[in-house]
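*Asks:* Protein chains in written order, with full-length UniProt numbering: chain B, 1 to 239; chain C, 1 to 313.
Dropping the structure here:
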């Protein structure tokens, strides 16, 4: 009988050992074990250097090379007015501002759309109390003008905005306003930035309200039970 | 047999020597064997979900380059098998001479939640729970106490009497989550990012409890992500699809930022409230902000030293 117990025990030990061997063998075949594996593991551990991704090799040379630019988007040019009607061929067209404004006398006093007798009447204007011709150019309707009277193109509208909004312009220059896309590290890739009028309508520049779309469904977002607890806690505090 | 045991009855020894002692021994041996089988039976269950190679895998920091390559190849194959997506899992290491910090302009953040969504998509979060590493708190004006915030707001934002405080991992310089981990499955890397080895994490959730910013997430179930929506651009310590039962967290999108790109939440922000950069670079945007704006950190009194700043202008 002792022999049976011993045999049983030996059996269990063998089973355990074989399980262990199988596990090791499987990991070995997967990992394609090499003799130097342990040594290398130690080296890697000491130096703290892991496997470098393949891209590393590509990007090393550029790191020392020239920096990529920060590209600020520019408006495509002077606005064009879409015509409501069609020509005899059925085509719609668009005209430049100067099509009308070159033959009309500019009213330098005008400040809102409400005081216009024709055109631009539906426009919302909410940009302080400045006159239209504070920014638009009475001499060249397809361009803008700076406070000193010099002409600036629509493409360089940021120069115009920065005259008054210098704080924002300064923040923009340092990435603290207006956002960015692309790379933080200019030695690895360019960075793209918006211009003022990508986000702000120059006629009503306050940033529009937005609708919240996406919500995580975690325990912090469970409805009302939490609020109820807070109310209870508050009333306890009062007592 | 016969030579060693002379002159005895030739019947079987078992029957002959069946003493009480032997019976007790036999009973206990059987009991022991039964207990052993019961004790290792969870391994049989584990074997269904876990391959031997995965089970035997070492800690990330102790893997040799060859082992890492094998682990990554295995993970890529598993992702292909489970999610049907061809993904590339890189092993992005810190760039020497960088320390990543983040800043958010609370004057312009309007709580629209685009960052939350971008994080969800970029990091292959579970689609059913809309999981994300970012929570945007709607805060009453006049306090920076994030416990007074609410994440359940909806509709048109910003509301007049509120401001919005996006909270994600602050990549603390004194991270309490790292201190409490019993198995060192989470640690702080040289560029300041606190990472998790998802294959080493045991899912005890101590770190989740220790984090004063509620920044860690636990995978209660296997993440479900449709094949088409899997972001194939992955990294071992970052946005690879996590296994069930492990803790995960914001990694400043290290699979992007360690390749010089900006984090996904920053690129998604329509208000331009988010700024990211290398604080060791004197000419960086982030340095200018920290030097020139009114900068706050969350729960400063805890001494966690976040690498995450909030500013007003």
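Even glycine gets a Cβ: it sits at the ideal position worked out from N, Cα and C.
Which residue wins for smallest C-alpha separation from residue 168 (chain B), given the options C:40, C:105 and C:244?
*Replies:* The residue given as residue 168 (chain B) occupies position 168 in the first chain. Distance from the Cα of residue 168 (chain B) is smallest, within the candidate group C:40, C:105 and C:244, for C:105.
*Asks:* Give the secondary structure of residue 151 (chain C) by DSSP, where H, G and I count as helix, E and B as strand, and everything else as coil.
*Replies:* Counting from 1 along the second chain, the entry for residue 151 (chain C) is found at position 151. DSSP places residue 151 (chain C) in coil when its eight states are reduced to three.
*Asks:* Say the cut is 6 Å; is the CB of residue 153 (chain B) nearer than that to a heavy atom of the ligand PLP?
*Replies:* Within the structure as shown, the ligand PLP is missing, as the structure has no ligands at all.
*Asks:* With DSSP run on the structure shown, which of helix, strand or coil describes residue 236 (chain C)?
*Replies:* Here the question's residue 236 (chain C) lines up with position 236 in the second chain. Here residue 236 (chain C) carries a coil assignment [DSSP, helix/strand/coil].
*Asks:* When you compare each of C:226, C:238 and C:167 to residue 215 (chain C) by their alpha carbons, which one comes out closest?
*Replies:* Your numbering for residue 215 (chain C) matches position 215 in the second chain. Among C:226, C:238 and C:167, the Cα nearest to that of residue 215 (chain C) is on C:167.
*Asks:* Considering just the uninterrupted stretch of the beta strand (DSSP E) at residue 206 (chain C), what are its terminal residues?
*Replies:* Residue numbering aside, residue 206 (chain C) sits at position 206 when the second chain is read from its first letter. Looking at the DSSP string, residue 206 (chain C) is not in any beta strand (DSSP E); the run it does join, the alpha helix (DSSP H), is 206–210.
*Asks:* Which term fits residue 141 (chain C), buried or exposed, when burial requires 16 or more other beta carbons within 10 angstroms of its beta carbon?
*Replies:* To locate residue 141 (chain C), count along the second chain from 1; it is residue 141. Burial call: exposed.
*Asks:* Which ranges does the beta strand (DSSP E) cover as unbroken runs of at least 3 residues, wholly within the region 74–101 of chain C, from first to last along the chain?
*Replies:* Correct list: 88–90.
*Asks:* Does DSSP classify residue 166 (chain C) as helix, strand or coil?
*Replies:* By one-based count along the second chain, residue 166 (chain C) stands at place 166. Looking at residue 166 (chain C) - three-state DSSP - the assignment turns out to be strand.
*Asks:* What whole-angstrom Cβ distance do residue 108 (chain B) and residue 133 (chain B) have, given they're in contact under 8 Å?
*Replies:* For the purposes of this step, residue 108 (chain B) is taken as residue 108 along the first chain, with counting starting at 1. For the purposes of this step, residue 133 (chain B) is taken as residue 133 along the first chain, with counting starting at 1. Correct: roughly 5 Å between the Cβ atoms.
*Asks:* What would DSSP say about residue 313 (chain C), mapped onto helix, strand or coil?
*Replies:* Counting from 1 along the second chain, the entry for residue 313 (chain C) is found at position 313. Here residue 313 (chain C) sits in coil by DSSP.
*Asks:* Return the bridge partner residues of residue 191 (chain B) from the DSSP annotation.
*Replies:* Your numbering for residue 191 (chain B) matches position 191 in the first chain. BP columns for residue 191 (chain B) point to B:70 and B:182.
*Asks:* Which residues of chain B have a Cβ atom closer than 9 Å to the Cβ of residue 313 (chain C), listed in chain order?
*Replies:* Translated into positions along the second chain, residue 313 (chain C) becomes position 313. Neighbours of residue 313 (chain C) in chain B, taken as residues whose beta carbon is under 9 Å from its own, are 167, 168, 171, 176 and 177 in chain order.
*Asks:* Against residue 36 (chain C), what residues of chain B qualify as contacts under a CB-to-CB distance less than 7 Å, listed in chain order?
*Replies:* Residue numbering aside, residue 36 (chain C) sits at position 36 when the second chain is read from its first letter. Annotation: Cβ neighbours of residue 36 (chain C) in chain B (cutoff 7 Å, chain order): 12.
*Asks:* Roughly how many angstroms lie between the CA atoms of residue 300 (chain C) and residue 84 (chain C), to the nearest whole one?
*Replies:* To locate residue 300 (chain C), count along the second chain from 1; it is residue 300. To locate residue 84 (chain C), count along the second chain from 1; it is residue 84. When rounded, the distance between both Cα atoms is 45 Å.
*Asks:* Closer than 8 Å is the cut-off here; do at least three beta carbon pairs connect the region 195–202 of chain B with the region 150–157 of chain B?
*Replies:* The region 195–202 of chain B vs the region 150–157 of chain B: in contact.
*Asks:* Using a Cβ-Cβ cutoff of less than 8 Å, which residues in the same chain neighbour residue 117 (chain C) once the five nearest sequence positions on both sides are dropped?
*Replies:* Here residue 117 (chain C) refers to the residue found at position 117 of the second chain. Closer than 8 Å at Cβ, skipping near neighbours: 132 and 268.
*Asks:* Under 8 Å Cβ-Cβ, which residues of chain C neighbour residue 209 (chain B)?
*Replies:* Working through the first chain from its first residue, we reach residue 209 (chain B) at position 209. Going along chain C in sequence order, the residues near residue 209 (chain B) (Cβ under 8 Å) are 110, 156, 157 and 158.
*Asks:* I want to verify the contact list: residues of chain B whose CB lies under 7 Å from the CB of residue 105 (chain C), in sequence order.
*Replies:* For the purposes of this step, residue 105 (chain C) is taken as the residue at position 105 of the second chain. Residues of chain B passing the Cβ test: 176.
*Asks:* Using a cut-off of 7 Å between C-beta atoms, extract the partners of residue 180 (chain B) located in chain C.
*Replies:* Taking the first chain and counting its residues from 1, one reaches residue 180 (chain B) at position 180. Under the 7 Å cutoff, chain C gives 262.
*Asks:* Can you give the Cα-Cα distance for residue 92 (chain C) and residue 66 (chain C), rounded to whole angstroms?
*Replies:* Here the question's residue 92 (chain C) lines up with position 92 in the second chain. Here the question's residue 66 (chain C) lines up with position 66 in the second chain. Inter-residue distance for residue 92 (chain C) and residue 66 (chain C) is about 15 Å (C-alpha atoms, whole angstroms).
*Asks:* Tell me the DSSP secondary structure of residue 201 (chain B) in three-state form.
*Replies:* Start at 1 with the first residue of the first chain, and residue 201 (chain B) comes out as number 201. If DSSP states are grouped into helix, strand and coil, residue 201 (chain B) belongs with the strands.
*Asks:* With a cut-off of 8 Å on the beta carbons, I'd call residue 198 (chain C) and residue 246 (chain C) a contact; round off their distance for me.
*Replies:* Working through the second chain from its first residue, we reach residue 198 (chain C) at position 198. Working through the second chain from its first residue, we reach residue 246 (chain C) at position 246. About 5 Å separates the beta carbons of residue 198 (chain C) and residue 246 (chain C), which is inside the 8 Å limit, making them a contact pair.
*Asks:* Whole angstroms are fine: how far does the CA of residue 130 (chain C) sit from the CA of residue 157 (chain C)?
*Replies:* To locate residue 157 (chain C), count along the second chain from 1; it is residue 157. To locate residue 130 (chain C), count along the second chain from 1; it is residue 130. The straight-line gap from Cα to Cα measures roughly 20 Å.
*Asks:* For chain B, find out if any of its Cβ atoms is closer than 7 Å to the Cβ of residue 79 (chain C); answer yes or no.
*Replies:* As a first step, residue 79 (chain C) must be located in the second chain, where it is residue number 79. Closer than 7 Å: no.
*Asks:* Can you find a CB in chain B that lies within less than 7 Å of the CB of residue 117 (chain C)?
*Replies:* Here residue 117 (chain C) refers to the residue found at position 117 when the second chain is read from its first residue. Yes, residue 117 (chain C) lies at the interface with chain B (some Cβ there is under 7 Å from its Cβ).
*Asks:* Would you list the residues sitting across from residue 220 (chain C) in a DSSP beta bridge?
*Replies:* In the second chain, residue 220 (chain C) corresponds to position 220, counting from 1. Residue 220 (chain C) is not bridged to any residue.
*Asks:* Let me check understanding here. Comparing Cα to Cα, which of B:187, B:206, B:25 and B:111 lies closest to residue 66 (chain B)?
*Replies:* Within the first chain, the letter at position 66 stands for residue 66 (chain B). Closest option to residue 66 (chain B), Cα to Cα, is B:187.
*Asks:* Output needed for residue 4 (chain B): all residues of its chain with C-beta closer than 8 Å, excluding positions within five of it in sequence on either side, in chain order.
*Replies:* Position 4 of the first chain, counted from the start, is the residue given in the question as residue 4 (chain B). If we look at residue 4 (chain B) and ignore the five residues flanking it on each side, it has no Cβ neighbours.
*Asks:* Could you tell me which chain B residues have their CB closer than 8 Å to the CB of residue 269 (chain C), listed as they occur along the chain?
*Replies:* Along the second chain, read from residue 1 onward, the residue named residue 269 (chain C) stands at position 269. By Cβ distance, chain B contributes 179.
*Asks:* I'd like to know if the region 50–65 of chain C and the region 209–227 of chain C are in contact, where contact means that at least 3 CB-CB pairs between them fall below 8 Å.
*Replies:* no
*Asks:* Can you tell me which of B:207, B:200 and B:172 puts its alpha carbon nearest to the alpha carbon of residue 285 (chain C)?
*Replies:* Residue numbering aside, residue 285 (chain C) sits at position 285 when the second chain is read from its first letter. Ranking the options by Cα distance to residue 285 (chain C), first place goes to B:172.
*Asks:* Go through its chain and collect everything with a Cβ distance to residue 129 (chain B)'s Cβ below 7 Å, but skip five positions before and after it.
*Replies:* Taking the first residue of the first chain as 1, we reach residue 129 (chain B) at position 129. Cβ within range, chain order: 111.
*Asks:* Go through its chain and collect everything with a Cβ distance to residue 180 (chain B)'s Cβ below 6 Å, but skip five positions before and after it.
*Replies:* Here residue 180 (chain B) refers to the residue found at position 180 when the first chain is read from its first residue. 191 and 193.
*Asks:* So, residue 327 (chain C) versus residue 165 (chain C), is the Cβ gap smaller than 7 Å?
*Replies:* This structure leaves residue 327 (chain C) out entirely; chain C is present only between 1 and 313.
*Asks:* State yes or no: is the C-beta of residue 113 (chain B) within less than 7 Å of the C-beta of residue 123 (chain B)?
*Replies:* For the purposes of this step, residue 113 (chain B) is identified with residue 113 of the first chain, where counting begins at 1. For the purposes of this step, residue 123 (chain B) is identified with residue 123 of the first chain, where counting begins at 1. Their beta carbons are under 7 Å apart, which means residue 113 (chain B) touches residue 123 (chain B) by this criterion.
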